[in-house]
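Below is one structure, written out as structure tokens, with a few remarks after it.
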Amino acid sequence: MTEHFSEDEVVTTVTRLTRSQLVSFIKGGFVKPQQEEDRYVFRRIDIARLELLCDLSHDLELDETVLGVVISLLDQLHEARQDLSMMTRAIDILPAEVRADIEAALKRS
């Protein structure tokens with residue numbers, strides 16, 4: 001079951017997050033909560049992302065421009081890992097001789 005959190009719950013849960021930072025992170029597109037009527041609803045993944053954003057902005061003192069670049073690179077890395085995992089699962093179900101051909105081709109390149 002997916003848990004949902006209000007803005008107040010998010011600011012309470014992510015202890016280093018201020019309400020103005022939350023608004024700034026939403027406006028900047030760093031976090032994309034669901035919008036229901038006139039309020040935002042956050043998921044656990046949004047909270048994890050906000051914690052990361054706070055870590056990067058506070059601990060490394062990154063401004064929003066640099067933070068945007070870092071988050072974009074992390075998102076790309078995460079997507080690449082998901083793609084690699086998907087390809088690995090697809091290769092794993094192929095016949096053994098095809099997997100061997102793929103392995104040989106990878107070793108040649």
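Residue numbering for the sequence shown is 1 to 109, as defined by UniProt numbering. Cβ coordinates follow ideal geometry from the N, Cα and C atoms, glycine included.
Integer Cβ distance of residue i from residue j, believed to fall under 8 Å
i	j	result
T13	I47	6 Å
I91	R81	I91 to R81, Cβ: 16 Å. No contact.
For residue i, the residue or residues it bridges with in DSSP
i	result
V41	Q34
F5	F42
Sub-7 Å separation of residue i and residue j beta-carbons
i	j	result
I71	F42	no
F25	L53	yes
Nearest candidate by alpha-carbon position, reference residue i, set the options
i	options	result
L67	R49, Q34, P33, H78	R49
S6	Y40, L73, K32, G28	Y40
E64	L94, K27, R108, L106	K27
E51	A96, S109, L17	L17
M87	E97, Q76, I102, H4	I102
Q34	H4, V11, R89, S85	H4
Any chance the segment 20 to 36 sits against the segment 48 to 63, with 3 or more Cβ pairs inside 8 Å? yes
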